[in-house]
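Undergrad:
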Amino acid sequence: MTVQAHHIVPEPPDLENPPYPADIFAGRTVLVSGGGSGMGLAMAKAFAQGGAKVAVMGRNLERAEAGAAEIAALGATVHAISADVRDPTAIADAFDEAERVLGLVTLLANNAGANFPVLAEHISANAWNAVTRIAIDGTFLCSTEMVRRCIARGDSGAIVNNSAQYIWTGFPGDAHSAAAKTAQATMTKAMARDWKAYNIRVNAVAAGFFPHASSTNGDAPDAIAPLQNMIPAGRTGRIREFGWLSAMTCAPLFGGMTGQVIVQDG
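Following this line, the structure appears as structure tokens:
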């Protein structure tokens, strides 16, 4: 599909103009897994633009700190934490640290993930586990850690999971990731039902192509062009609009919505 010259390609607002008030998350603390770069950083910035205090968590502390510096430049209160989302003890310690420094965590963005394209017959057991455990175990462990704390205190809360548009179709070289992202979408619906009585909402964004420096194909124009010709909207996603939609699912703007997997793929 070639985008015609007369085709109007709508663009989101500039980063400095988020589509919600600057205080919509005021007084709230969010923990973002894998928040030091890429789509996780976009999520973290989006929450910060709404006034949240942000805990940026990642396995690599240096990368988490670099992301935290970008968030601090927006004027937000932020703290970087190192933890492996596959380790329940490390997750509990990370929440303890976030709450000690920033305040009680009642918002969570599950973004931590790993992916590399490889045909299914060449995926080793270690490669399979590397991708699936980070996305599946990490989403489960981080979500249940936050929610147990919220239930004990009587707090409401909200969670957003970073899923993918290929959970329904698969994608060449992504058997491991498609399985993991599908599990995240199913968990989203199951957890929303489990926690509705506690006023804890859980939603997911099934993201399409949002090129950025650390994505599989990077963000160079020659890598993006073939993708844009596949997309009816005429362009790939802008990473800020993924961040904004993710954050908005946790905001009062979407207060009546839970258990939904929103497709954002152009």
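For the sequence shown, the numbering used here gives the first residue as 62, with consecutive numbering after it.
Don't be surprised by glycine CBs; every beta carbon is placed ideally from N, CA and C.
Just so we're clear, the structure is a prediction, and the values are computed from it rather than from any experiment.
So for Gly99, helix, strand or coil by DSSP?
TA: The sequence position of residue 99 within the sequence shown is 38, counting from 1. Correct three-state label for Gly99: helix.
Undergrad: Given a cut-off of 7 angstroms on the beta-carbon distance, is the pair Val166 and Ala173 in contact?
TA: Taking the first residue of the sequence shown as position 1, residue 166 is located at position 105. Taking the first residue of the sequence shown as position 1, residue 173 is located at position 112. Taking 7 angstroms as the Cβ cut-off, Val166 and Ala173 do not qualify as a contacting pair.
Undergrad: Which same chain residues end up closer than 6 angstroms to Ser238 when comparing Cβ atoms and leaving out the 5 residues on each side of it in sequence?
TA: Walking along the sequence shown from the start, residue 238 turns up at place 177. Taken in chain order, the residues that qualify are Asn176 and Val192.
Undergrad: Round the Cβ separation of Ala144 and Met118 to the nearest angstrom and send it over; I've been treating them as touching at under 8 angstroms.
TA: Against the sequence shown, residue 144 aligns to sequence position 83. Against the sequence shown, residue 118 aligns to sequence position 57. 5 angstroms between Cβ atoms; contact.
Undergrad: Considering Lys257, what are the terminal residues of the alpha helix (DSSP H) in which it resides?
TA: Position 196 of the sequence shown, counting from 1, holds the residue named residue 257. No alpha helix (DSSP H) contains Lys257, which DSSP labels as neither H nor E.
Undergrad: How is Arg120 classed by DSSP in three states: helix, strand or coil?
TA: Indexing the sequence shown from 1 puts residue 120 at position 59. Coil.
Undergrad: Could you give the C-beta distance for Ala153 and Ala141, rounded to a whole number, given that I count them as a contact under 8 angstroms?
TA: By one-based count along the sequence shown, residue 153 stands at place 92. By one-based count along the sequence shown, residue 141 stands at place 80. About 18 angstroms separates the two Cβ atoms, so there is no contact after all.
Undergrad: Buried or exposed: where does Pro79 fall if 16 or more other Cβ atoms within 10 Å of its Cβ makes it buried?
TA: Taking the sequence shown and counting its residues from 1, one reaches residue 79 at position 18. Buried.
Undergrad: Since Val139 is in the beta strand (DSSP E), which residue starts that stretch and which ends it?
TA: Counting from 1 along the sequence shown, the entry for residue 139 is found at position 78. Val139 to Ser143 is the extent of the beta strand (DSSP E) around Val139.
Undergrad: I'd like to confirm the pairing. Which residues does DSSP put opposite Ser204 in its beta bridges?
TA: Numbered from 1 along the sequence shown, position 143 holds the residue referred to as residue 204. Note: Ser204 sits in no beta bridge, so no partner.
Undergrad: Since Arg262 sits in a beta bridge, which residues does DSSP pair it with?
TA: The residue you call residue 262 lines up with position 201 of the sequence shown. Ala219, per the DSSP bridge assignment.
Undergrad: Going by DSSP, what residue range makes up the beta strand (DSSP E) through Ile323?
TA: In the sequence shown, counting from the first residue as 1, residue 323 sits at position 262. Val322 to Gln325 is the span of the beta strand (DSSP E), which, as asked, contains Ile323.
Undergrad: Use the C-beta contact count for Ala251: other C-beta atoms within 10 angstroms, 16 or more gives buried, fewer gives exposed.
TA: In the sequence shown, residue 251 corresponds to position 190, counting from 1. Per the 10 Å Cβ criterion, exposed.
Undergrad: Excluding five sequence neighbours on each side, which residues of the same chain lie with their C-beta closer than 8 angstroms to the C-beta of Pro149?
TA: Numbered from 1 along the sequence shown, position 88 holds the residue referred to as residue 149. The residues are Leu202 and Glu206.
Undergrad: Let me know if Lys242 comes out buried or exposed under the rule of 16 or more other beta-carbons within 10 Å of its beta-carbon.
TA: The residue you call residue 242 lines up with position 181 of the sequence shown. That one is buried.
Undergrad: Could you tell me the distance, in whole angstroms, from the CA atom of Ala272 to the CA atom of Arg301?
TA: In the sequence shown, residue 272 corresponds to position 211, counting from 1. In the sequence shown, residue 301 corresponds to position 240, counting from 1. Strictly speaking, residue 272 in this sequence is Pro, with Ala absent from that position. Each residue's alpha carbon lies about 11 angstroms from the other.
Undergrad: Tell me which same chain residues have a C-beta within less than 6 angstroms of the C-beta of Gly218, skipping the five on either side of it?
TA: By 1-based counting over the sequence shown, the position of residue 218 is 157. Taken in chain order, the residues that qualify are Thr167, Cys211 and Ile261.
Undergrad: Would Ala196 pass as a contact of Met104 if the rule is Cβ separation under 7 angstroms?
TA: Locating residue 196 in the sequence shown gives position 135, counting from the first residue. Locating residue 104 in the sequence shown gives position 43, counting from the first residue. Going by C-beta atoms, Ala196 is not nearer than 7 angstroms to Met104.
Undergrad: Going by the beta-carbon positions, is the gap between Val146 and Gly99 smaller than 7 angstroms?
TA: Start at 1 with the first residue of the sequence shown, and residue 146 comes out as number 85. Start at 1 with the first residue of the sequence shown, and residue 99 comes out as number 38. No.
Undergrad: What residue does the alpha helix (DSSP H) around Thr150 start on, and which one ends it?
TA: On the sequence shown, residue 150 is found 89 positions in, with the first residue counted as 1. Start and end: Pro149 to Val162.
Undergrad: How many Å lie between His183 and Gly231 at the Cα?
TA: What you label residue 183 is simply residue 122 of the sequence shown in a count that begins at 1. What you label residue 231 is simply residue 170 of the sequence shown in a count that begins at 1. Near 16 angstroms, if we compare the C-alpha coordinates of Gly231 and His183.
Undergrad: Could you spell out the range, first to last residue, of the alpha helix (DSSP H) harbouring Ala170?
TA: The residue given as residue 170 occupies position 109 in the sequence shown. Looking at the DSSP string, Ala170 is not in any alpha helix (DSSP H); the run it does join, the beta strand (DSSP E), is Val166 to Asn171.
Undergrad: Given that a residue counts as buried once 16 or more other Cβ atoms are within 10 Å of its Cβ, and exposed if not, what is Trp229?
TA: The sequence position of residue 229 within the sequence shown is 168, counting from 1. Burial call: exposed.
Undergrad: For Ala268, list the residues DSSP reports as bridge partners.
TA: Indexing the sequence shown from 1 puts residue 268 at position 207. Answer is Ala225 and Gln325, bridged to Ala268.
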